[in-house]
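Asks: First the structure, which I've put down as structure tokens, then a few questions once you've had a look.
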Amino acid sequence: MSQETEEVKKQVSCRNCGSLIPADSDKCVFCGSYQVAGRVPVIKFFSESRFFRRVILYPVSLLSAIGIPIFYFSTSMIFPDKTWVFVFSFFGFLFCLFGYISEWIFMHKARGEAKDFRQGFFEWQKKLFDRSPSLSYAGMFLFVCVPLIDWVNPIPFSLTSSAIWTILLIFLIKILFPLF
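Residue 1553 in the working numbering is what sits at position 60 of the sequence shown, and the numbering runs on without skipping anything.
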């Protein structure tokens, strides 16, 4: 019994994927995230922290997406064009949405159910289709423009996908709609 408790004490939970790793290791053997803050730059250390992404980064982007229009319409601040307020809010909302979705996709990779992001996406689609086919189709529509490469972590994926959809929205609002 004492050997089992001693063995459990030597393992800690990874701060990114949650899998058990040896307590003295610098990197997680499953997801590759660093466990000690002094070994990597601060920005990379925070981007590899699931707590930071789920509790601080994504909710703050959602609150800013809601707060920007409220602040704009409650003050007499003048923008050259009111559609930019909508565009910034749209970007913040999409960053939060794609962030939480990519967390689910990356958990498939961390659990060993998928070898990379692309296979994790397909596993996520299977689970969505089991719940409801319409949810699966909505998920496919969200990712129609996003490249399914092997992303490092959810933050670059969220930034890229929300930027792509925001650029499409800007194209529609600023170029295509004024033509009609």
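Here a beta-carbon is modelled for each residue, glycine too, at the ideal position from N, C-alpha and C.
Among the candidates Ser1567, Ala1516 and Asn1509, whose CA atom is the shortest distance from the CA of arginine 1543?
Replies: Sequence index remark: in the sequence shown, residue 1543 carries index 50 (1-based). Looking at the Cα atoms, Asn1509 is the closest of the given residues.
Asks: Which first and last residues belong to the beta strand (DSSP E) in which valine 1639 is found?
Replies: Along the sequence shown, one-based indexing puts residue 1639 at 146. First-last for valine 1639: undefined, no H or E at that position.
Asks: Should leucine 1554 and cysteine 1589 be called a contact, given that it needs their Cβ atoms to be closer than 8 Å?
Replies: Along the sequence shown, one-based indexing puts residue 1554 at 61. Along the sequence shown, one-based indexing puts residue 1589 at 96. At residue 1554 the sequence reads serine, which differs from the leucine that was named. Yes, the pair counts as a contact, with Cβ atoms nearer than the cut-off.
Asks: Counting along the chain, where does the alpha helix (DSSP H) carrying leucine 1621 start and finish?
Replies: What you label residue 1621 is simply residue 128 of the sequence shown in a count that begins at 1. 1610 to 1624 is the extent of the alpha helix (DSSP H) around leucine 1621.
Asks: At which residue ranges does the stretch 1519 to 1593 contain complete alpha helix (DSSP H) runs of 4 or more residues, listed in the order of the chain?
Replies: If we require 4 residues or more, the alpha helix (DSSP H) runs fully inside the stretch 1519 to 1593 come out as 1535 to 1540 and 1551 to 1567.
Asks: Let's test the definition: count the other Cβ atoms within 10 Å of the Cβ of isoleucine 1571 and tell me whether it reaches 16, buried, or not, exposed.
Replies: Counting from 1 along the sequence shown, the entry for residue 1571 is found at position 78. Counting Cβ neighbours within 10 Å, isoleucine 1571 comes out exposed, since fewer than 16 surround it.
Asks: Tell me which same chain residues have a C-beta within less than 8 Å of the C-beta of phenylalanine 1446, skipping the five on either side of it?
Replies: An answer regarding residue 1446 cannot be provided, because it is not within the stretch 1494 to 1673 covered by the chain.
Asks: Should phenylalanine 1584 go down as buried or exposed, given a rule of 16 or more other Cβ atoms within 10 Å for buried?
Replies: Within the sequence shown, residue 1584 is the residue found at index 91, counting from 1. The residue in question, phenylalanine 1584, is buried, as its Cβ has 16 or more Cβ neighbours within 10 Å.
Asks: Would you tell me roughly how many angstroms separate the C-alpha atoms of proline 1640 and lysine 1608, rounded to the nearest one?
Replies: Stepping through the sequence shown from its first residue, residue 1640 is reached at position 147. Stepping through the sequence shown from its first residue, residue 1608 is reached at position 115. Straight-line Cα distance between these residues: approximately 17 Å.
Asks: One question on the structure: do isoleucine 1561 and phenylalanine 1581 come within less than 8 Å of each other, judged by their Cβ atoms?
Replies: Residue 1561 sits at position 68 when you count from the first residue of the sequence shown. Residue 1581 sits at position 88 when you count from the first residue of the sequence shown. Against a cut-off of 8 Å, the Cβ pair of phenylalanine 1581 and isoleucine 1561 comes out as a contact.
Asks: In the DSSP assignment, what residue or residues form a beta bridge with proline 1649?
Replies: As a working mapping, residue 1649 is identified with position 156 in the sequence shown. None, per the DSSP bridge assignment.
Asks: Please return the same chain residues whose Cβ sits closer than 6 Å to the Cβ of serine 1654, not counting the five positions on each side in sequence.
Replies: As a working mapping, residue 1654 is identified with position 161 in the sequence shown. So the qualifying residues of the chain are Phe1591 and Val1639.
Asks: May I ask you to report which of helix, strand or coil DSSP gives serine 1512?
Replies: Within the sequence shown, the letter at position 19 stands for residue 1512. Note: serine 1512 maps to coil in three-state DSSP.
Asks: Using a threshold of 8 Å, state whether the C-beta atoms of arginine 1546 and isoleucine 1660 are closer than that.
Replies: Your numbering for residue 1546 matches position 53 in the sequence shown. Your numbering for residue 1660 matches position 167 in the sequence shown. No.
Asks: Measure the alpha-carbon distance for proline 1626 versus glutamate 1616 and round it to whole angstroms.
Replies: Taking the sequence shown and counting its residues from 1, one reaches residue 1626 at position 133. Taking the sequence shown and counting its residues from 1, one reaches residue 1616 at position 123. Cα to Cα, proline 1626 sits roughly 14 Å from glutamate 1616.
Asks: Can you give me the C-alpha to C-alpha distance between phenylalanine 1636 and isoleucine 1549, rounded to a whole angstrom?
Replies: Numbered from its first residue, the sequence shown carries residue 1636 at position 143. Numbered from its first residue, the sequence shown carries residue 1549 at position 56. So the alpha carbons of these two residues sit roughly 24 Å apart.
Asks: Spatial neighbours of lysine 1503 within its chain, please: C-beta separation below 7 Å, excluding the five flanking residues on both sides.
Replies: In the sequence shown, counting from the first residue as 1, residue 1503 sits at position 10. Same-chain partners within the cutoff: Pro1515 and Ala1516.
Asks: Give me, in chain order, the residues of the same chain whose beta-carbon lies closer than 6 Å to that of cysteine 1521; leave out the 5 immediate sequence neighbours on both sides.
Replies: Sequence index remark: in the sequence shown, residue 1521 carries index 28 (1-based). Correct list, in chain order: Cys1507 and Ile1514.
Asks: Cα-Cα, which of Ile1642, Gln1612 and Asp1519 is closest to phenylalanine 1538?
Replies: Position 45 of the sequence shown holds residue 1538. Cα-wise, what sits closest to phenylalanine 1538 is Asp1519.
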